[in-house]
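One structure is given here, and the rest of the page talks about it.
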Ligand code: ARG
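Residue numbers (the numbering used here): 1 to 569.
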């Protein structure tokens, strides 16, 4: 049960108007507090405290209310009956939505032949959790891994391989795709090609031009370039798959990126031409997305570059067109680095102007950077920009060191689970938009607001349940201690939290909720012994029931964050 909603609805009904129900920071004086007397006083032109006094007996009549009191200028504190709490608390269940939406989510969006950078961590973690929350609330989602498999990097990589191995037949215009070529690319090496080619191109205009020419010819279907591309594409797709598994994120509904979108460019171009939206500009084709009301600069959207090649911009617009046809979504939400905000503003305008998809149904959730202690983007020990795999490796080492230090014996798989939880939980804990500092030592601590603390709480509670060996059911009556009561109320806050996390696009709410829940579980665990011999059977049964609800609620939160509970810790 969503206790907050229940109480709020009943009070509004009783008083006949909409008041605001608050959850006080300190719940000692009341589980909830309402501004009803303030609202009522405005309507009736009365003094709020006086009116609050009139409301008290009315509110007391509600069958779930045990106590009411007045605070400050006229707030009313409401305490809920213990028995009502015990009887109505329940573990979270997959919900159904009154108005289920179809939502396309674009996250992950890895790139071919470019090793995954640290930014891909946030889009994957936040995107995946947001996807899980949205599904949990009963909406239909489609996750799109908009792979970077068509643009500038392809030209650079092919040009780089041409530089390294000019003798390969791929570079000939009459390349025969039926012929097998004895050439294998090594994955590690492949990951170095793009950065090398890209910095080389900056200093060598000739190479730059060659890469652009190759890109245009590749997109036009050059058989040799395509055969070479297929080679490194398959290696990259395998790496991406490993990443998805390593991060324990849900498999993507569509692994379709720029290359797939490019198939729709003709159709989109026709639409744009009908609306006279494409302009020639210094050899390139552009779309003007500027509005008279703009204060900030709004550069044109690049439809085709001066070599006639497709662009990140054009394929992104075509991808919208494709999604509209495939999913007809009520919303399209993108999760990328904040630095792409301008690109998405342009895309949304272009899609809107062309009538392909309306501006107001788009959303871009931009996230901040992961920094080191020096406030600059996190680097590995050798001074290189850390990649996604580096981050996980570093966390793994930190967990392994801690485990050895504490004298615990945990297998490798468990250490991996804990390390991943450390990274993901810490990521989710931060407001998406803000930058945060990645400190391997603090995020892997078994105490405090960390992933390991969350998992440890779950493992310990689960072990009590496993050892109990009895059927657990709801007790008819049970006198609640303060720890038991607080824990049950928090459990009843689950639904409200997940709804706000969704509405506010704030995955940090679920992480913070999990932490608060763990604090209350641990208070309960320390103050309310369960399996000790001197505990009477009825108390044991009541506590086991509460422990079970708490475990189920925590597991759901853990699952929504894409973490796993290890069997021991
Ligand atoms: N591949 C891009 C990158 O790694 C992100 C793509 C985001 N999605 C999109 N539809 N543009 O930066």
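Built from N, CA and C at the ideal position, the CB exists for glycine as well.
Asked	Found
I'd like to check one pair, residue 528 with residue 483: are the Cβ atoms closer than 8 Å?	yes
Which first and last residues belong to the alpha helix (DSSP H) in which residue 112 is found?	Careful: residue 112 lies outside any alpha helix (DSSP H) and carries neither H nor E.
Measuring alpha carbon to alpha carbon, tell me which residue in 555, 181, 146, 202 is nearest residue 124.	146
Assuming residue 32 contacts residue 22 under a Cβ cut-off of 8 Å, what Cβ separation, rounded to an integer in Å, is found between them?	7 Å
Would you mind reading off the limits of the beta strand (DSSP E) that contains residue 67?	65 to 71
With contact counted as at least three CB pairs below 8 Å, one residue from each stretch, are the stretch 529 to 539 and the stretch 66 to 78 in contact?	no
Can at least three beta-carbon pairs, one atom from the stretch 211 to 218 and one from the stretch 144 to 164, be found at a separation below 8 Å?	yes
Give the C-beta separation of residue 11 and residue 34 to the nearest angstrom, bearing in mind that I take them to be a contact with Cβ-Cβ under 8 Å.	6 Å
If we count Cβ pairs, one from each stretch, closer than 8 Å, do we get three or more for the stretch 131 to 151 versus the stretch 173 to 181?	no
Should residue 17 be labelled buried (16 or more other beta-carbon atoms within 10 Å of its own) or exposed?	exposed
Given this structure, state the Cα-to-Cα distance separating residue 526 from residue 568, to the nearest angstrom.	19 Å
By the 10 Å Cβ neighbour count, where 16 or more other Cβ atoms means buried, how is residue 221 classified, buried or exposed?	exposed
For residue 542 and residue 475, which I take to be in contact (beta-carbon distance under 8 Å), what is that distance rounded to the nearest angstrom?	5 Å
What first and last residue would you give for the beta strand (DSSP E) that runs through residue 367?	362 to 367
Anyone know if the C-beta pair for residue 335 and residue 107 falls short of 8 Å?	yes
Comparing C-alpha positions only, which one of 308, 361, 462 sits nearest to residue 151?	308
Less than 8 Å separating the beta-carbons of residue 477 and residue 83?	yes
Mind checking if residue 296 is an interface residue toward chain D, Cβ cutoff 8 Å exclusive?	In the structure shown, chain D does not exist; there is a single protein chain.
Quick one, are the C-beta atoms of residue 515 and residue 497 less than 8 Å apart?	no
Which residues in the same chain as residue 96 place their Cβ atom closer than 7 Å to its Cβ, once the five residues preceding and following it in sequence are excluded?	138
Consult DSSP for residue 141 and reduce its assignment to one of helix, strand or coil.	strand
Whole-angstrom Cβ separation of residue 254 and residue 425, contact assumed at under 8 Å?	Actually they do not touch by this definition, with Cβ atoms about 28 Å apart.
What residues in its chain sit with their C-beta under 6 Å from that of residue 436, if we drop five residues either side in the sequence?	430
Tell me whether residue 154 sits in a helix, a strand or coil according to DSSP, three-state version.	helix
Please state whether DSSP places residue 493 in a helix, a strand or coil.	coil
Between the C-alpha atoms of residue 360 and residue 219, what's the straight-line distance to the nearest angstrom?	32 Å
Assign residue 281 to one of three DSSP states: helix, strand, or coil.	strand
Below 7 Å, is the gap between the Cβ of residue 336 and the nearest heavy atom of the ligand ARG?	yes
Kindly list the residues whose CB is nearer than 8 Å to the CB of residue 1, restricted to its own chain and excluding five residues on each side of it in sequence; keep chain order.	88, 89, 90, 492, 495
Quick test of your reading: residue 102 and residue 352, contact by CB under 8 Å. State the CB separation rounded to the nearest angstrom.	Actually they do not touch by this definition, with Cβ atoms about 19 Å apart.
For residue 22, which of helix, strand or coil comes out of DSSP?	strand
Just reading off the alpha helix (DSSP H) that residue 425 is part of, what are its end residues?	412 to 429
Regarding residue 148 and the ligand ARG, is the C-beta to nearest heavy atom distance less than 7 Å?	yes
Considering only residues of the stretch 443 to 505, which uninterrupted alpha helix (DSSP H) runs meet the minimum length of 4 residues and lie entirely inside it, listed in chain order?	451 to 468, 482 to 492, 494 to 503
Does the ligand ARG have a heavy atom nearer than 7 Å to the CB of residue 111?	yes
Using a Cβ-Cβ cutoff of less than 6 Å, which residues in the same chain neighbour residue 117 once the five nearest sequence positions on both sides are dropped?	387
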